[in-house]
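Using my numbering, you'd call the opening residue of the first sequence number 822 and step up by one each time. Using N, Cα and C, we set each Cβ at its ideal position, and we do this for glycine too. Owing to the predicted nature of the structure, the values given are computational and were not obtained by experimental measurement. Here is the structure we will look at.
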Amino acid sequence: MSNTSYLNELNDVQRQAVSHIHGPLMVIAGPGSGKTRVLTYRIAHLINNDVQPYRILALTFTNKAAREMKERIERVVGPAANKVWAGTFHSVFARILRVEAPKIGYPGDFTIYDRDDSKSLVNDIIKNLRLDKKVYNANALLSRISSAKSNLITPQLYAQDAELMSYDKMQKRPMTHEIYKRYVNRCFNAGAMDFDDLLLQMFRLLHKNPEEVRAKYQRMFEYVLVDEFQDTNYLQYRIIKLLVDYEGSPYNICIVGDDAQSIYSFRGATIENIFQFENDFPEVAVYKLEQNYRSTEHIVKAANEVITFNKKQIKKEIWTDTPGGNKIKVMRAISDSEEGRIVSNAIIEYKNRYHLANSDIAILYRTNAQSRVFEEHLRRNDLKYKIYGGLSFYQRKEIKDVLAYVRLTVNPRDDEALRRVINYPRRGIGKTTLDKLAEYAREKEISMWHALVEVAPGVRSRKQMEEFIELIKSLRQKNQMSNAYETVLYIVNKTGIYEHLRSDNSIEGISRLENINALMDGVKDFVEQDEVIEDEFTSMDRSLSGWLQNVALLTDLDNDPDEKDFITLMTTHSAKGLEFPAVFVVGLEENLFPSFMSMGTSEEVEEERRLFYVAITRAQQYLSLSYAASRYQFGQIRFNDPSRFLEELGDENLETVEGRRHGSSGGSRFPEPKKIGGIKKLRQSRRAMPAIDVANFSPSPTEKIIEGAEVLHLKFGKGKVVKIDGARDNRVATIEFENIDDPTRRIMLRFAKLQVLG
DNA sequence: GGGGGCTATGGGGGG
DNA sequence: CATAGCCCCC
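Below you can see the structure in the form of structure tokens.
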């Protein structure tokens, strides 16, 4: 046995968990309690105890987590770490399905439909059925379909389920089951799997082939570990059980999780799996990691405090033995843009006072749309930053266009890809032709590609269609003879995409071209990867098809940025598992965090609270929370109360910051907020703020704004002009507003949006 | 029958 | 603020 000095880096509970080799094991791990360390050291420990690396399966939820895990294992055991089956549920199953999918009727080169593909497919089905797409909302239907799949409810079972059917009837969507059925058929006929299918088809594969397939993987995966178990759904748990729960199994299953950090119930995750696990594996050994090594005392205490407002939880209290540290700062901004300014000013101050690097700092928000104002202010202050998520590289139009051709090259039955590019670049195949084609395909239950081949000879746009067919055939032929890079190069040239983009000299056009080039570089890297791992699953993976499968499951989070020292901007969801010396959690307002979409039931609010818990526990030393009194949301100004979560942190952990004056900093049209009171007091004063009917708001011409006029301002509400000074373009109105804390405001008429009343 | 421009509509978190 | 669908022109 090799070096086991890593055991000395662990506390007692951690060490027990790591050294637990045989039988089921559950680790409940609070934030910052060394969960990843336990997981990786346990894998290293297994390898040191002569377990073959490729017989260890470690499932995570993000590629990043999987990659980090591998890197950390490698530091202990060396290159053998690369043979561990560590990856996301989706990527590991996709890898297996590439080999095994033909056993359940799919091609090995199956396409992965992303969310947009699924959505346009559902919309097409709705159109075919002549249903009202306002009633039959594609997103609602997709979430219905997704949750059916995640609960192993087939279209047949769905139609027999009285509860589901009556719910749909109540929602005025009685045809949901029919849409579900058609959706499944259309995906299957296109040789495509959506994200849920990667799990569902894996389940079906194991379930239907107990001898050849299931037994093979049961034997292969001697040890199974699941990270973030609280985020698993029913289907994922069933797959895990198929792999480890069988006659004669060693039951070497280890799950790691924290119910307080369960934030994915919207995609079917259920904490019930934790309770179920204890029932299914009664001999399970349970270890609770509660000592927090990450954050200073006030942060830890506030986190404990806030989570007690949730009824549903496994009792657990995190603690730290390093007392002291800063209190949590709470900052109020008058508007969303002001919030951007306050936060970037605070960042500058932190960097100076605490000598922080950009990379020590993160701004976390509830929704991607909030990133814009921070971006603006950070750029203005020359602070380097990187935004994660949002429109990822692979979701950009030009990238999706190229990928659609790649998909067609690999699998011409891919209807969604075909629809996307059959007329891009323009080749004279319009809506009418496409509709005819689609109808033909639907009647004969064949793919659009086959329809195209059959229909082409006898119709008016014959020539264009035949050209397209020849194009795709030539791409396929090229792919037979060349490597992935050469084929993609051929694709962008032969299809005319490259030419088309090069003729566009706008800034957007140039950036599109750059993106295509970046994509090409990516393929090249992929092809030239020199790492050779010879097994049934990876030896063939340098192909175009392998590359496609790879990128289909990548997200923005997976790209390493060129610049190293940057401030991180990301959603609270994607921040899970990360930590930063200084964290700014922003937009802490009712209707935003908690989200207006999740305020209906107490369960939903509890999930939002767990999300908040995740957010604040990312901070190691300096935590700042901010909220804006007014904010642009959906194209209008909204006034929201400060988030309820701010009141749940325990006042002794908070420090409410006075708005500092930065008179010369300019840029903002809004005066600094003056004295900031306690949050409760603010709440009351805010309530007096009238909601402005934005639809009927129309700014008056500036000459109408004279002394004594009653005016309405979009952000500040109703007020009276007391004075006008300056001349022409530089006129400034002094206005007393009725319902804001700091009523006297000076407003530049050139920029102001004021409506004269009466 | 295809192409281009305009209007209306919807808008969360992610593999 | 982005995309889909619609209308009008070629």
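Beta-carbon proximity of residue i to residue j, cut-off 8 angstroms
i       : j       : result
Phe1414 : Gly1421 : no
Met991  : Ile917  : no
Lys1037 : Asn1474 : no
Leu1334 : Ile1312 : no
Ala1396 : Ala1183 : yes
Pro1204 : Ile1243 : A quick correction: the sequence has Leu, not Pro, at residue 1204. Cβ atoms of Leu1204 and Ile1243: not closer than 8 angstroms.
Glu1429 : Ser1416 : yes
Arg1003 : Val956  : no
Ile1139 : Glu1111 : yes
Thr1141 : Gln1442 : no
Leu860  : Asp1048 : yes
Arg1323 : Glu1288 : no
Local conformation of residue i per DSSP, three classes
i       : result
Asp777  : The structure shown does not extend to residue 777, since the chain is modelled only from 822 to 1579, so the question has no answer here.
Thr1253 : helix
Glu1138 : coil
Gly1330 : helix
Met1528 : Per the sequence shown, residue 1528 should be read as Glu rather than Met. In this structure, Glu1528 counts as coil in the three-state DSSP scheme.
Ser1506 : Reliability of the predicted coordinates at Ser1506 is poor, the pLDDT of 29 falling under 50, and no value is obtained from them.
Pro1103 : coil
Val1566 : It should be noted that the sequence gives Arg, not Val, for residue 1566. The answer is strand: DSSP assigns Arg1566 an E or B state.
Gln1457 : strand
Leu952  : coil
His1607 : What the structure shows of the chain is the stretch from 822 to 1579, and residue 1607 is not part of that stretch, so it cannot be assessed.
Asn1474 : helix
Val1065 : helix
Pro1144 : coil
Gly1211 : coil
Phe1195 : helix
Asn824  : coil
Val1231 : helix
His1534 : strand
Gln1442 : strand
Ile842  : coil
Lys1133 : coil
Lys1109 : strand
Gln992  : coil
Leu1578 : coil
Leu1258 : helix
Asn1054 : strand
Phe1024 : helix
Ile974  : coil
Whole-angstrom C-beta distance between residue j and residue i, which should lie under 8 angstroms
i       : j       : result
His1198 : Gly1161 : 4 angstroms
Lys904  : Tyr875  : 5 angstroms
Val1227 : Leu1369 : 6 angstroms
Lys1345 : Tyr1319 : At roughly 16 angstroms, the Cβ-Cβ gap does not stay under 8 angstroms, so Lys1345 and Tyr1319 are not in contact.
Leu1056 : Asn972  : 7 angstroms
Val1077 : Ile1061 : Not a contact, Cβ separation roughly 13 angstroms.
Asp1181 : Ala879  : At roughly 29 angstroms, the Cβ-Cβ gap does not stay under 8 angstroms, so Asp1181 and Ala879 are not in contact.
Leu1467 : Lys1150 : Their Cβ separation, rounded to whole angstroms, is 12 angstroms, which puts Leu1467 and Lys1150 out of contact at 8 angstroms.
Leu1177 : Phe1405 : Not really, about 12 angstroms apart at Cβ, beyond 8 angstroms.
Arg1217 : Asn1336 : 6 angstroms
Leu1578 : Leu1533 : 6 angstroms
Asp1462 : Glu1410 : 7 angstroms
Leu962  : Thr997  : 6 angstroms
Leu1365 : Ile1220 : Between Ile1220 and Leu1365 the Cβ distance is about 15 angstroms, and since that is not below 8 angstroms, they are no contact.
Glu1559 : Gly1538 : 6 angstroms
Thr909  : Asn1232 : Actually they do not touch by this definition, with Cβ atoms about 22 angstroms apart.
Ser1521 : Gln1576 : 5 angstroms
Tyr1108 : Ala838  : 4 angstroms
Cβ pair count under 8 angstroms reaching 3, the stretch 1118-1130 against the stretch 1429-1445: Verdict: yes, contact present.
Touch test, the stretch 1011-1025 against the stretch 925-945, Cβ-Cβ under 8 angstroms, three pairs minimum: Segments in contact, yes.
Touch test, the stretch 1092-1105 against the stretch 1450-1462, Cβ-Cβ under 8 angstroms, three pairs minimum: Touching, no.
Touch test, the stretch 876-887 against the stretch 1173-1193, Cβ-Cβ under 8 angstroms, three pairs minimum: Result no; under three Cβ-Cβ pairs closer than 8 angstroms.
Stretch-stretch touch, CB-based, cutoff 8 angstroms, three pairs: the stretch 835-855 with the stretch 1068-1087: With a cut-off of 8 angstroms, the stretch 1068-1087 and the stretch 835-855 count as touching, because enough Cβ pairs lie within range.
At least 3 beta-carbon pairs within less than 8 angstroms: the stretch 1188-1197 vs the stretch 1385-1398: Contact between the stretch 1188-1197 and the stretch 1385-1398 is present, because at least three Cβ pairs lie under 8 angstroms.
Cβ contact (3+ pairs, closer than 8 angstroms) linking the stretch 1033-1050 and the stretch 992-1008: Cβ pair count under 8 angstroms is below three, so no.
Inter-stretch contact (C-beta, 8 angstroms, three-pair minimum) for the stretch 939-956 and the stretch 974-985: These segments do not touch.
Runs of beta strand (DSSP E) lying entirely within the stretch 905-930, each at least 3 residues, in chain order: Secondary structure within the stretch 905-930: the beta strand (DSSP E) runs of 3 or more consecutive residues, fully enclosed, are 906-909 (chain order).
Segments of 3+ residues assigned as beta strand (DSSP E) that fall wholly inside the stretch 1363-1415: Those beta strand (DSSP E) runs which fall completely within the stretch 1363-1415 and span 3+ residues are 1388-1392 and 1401-1406.
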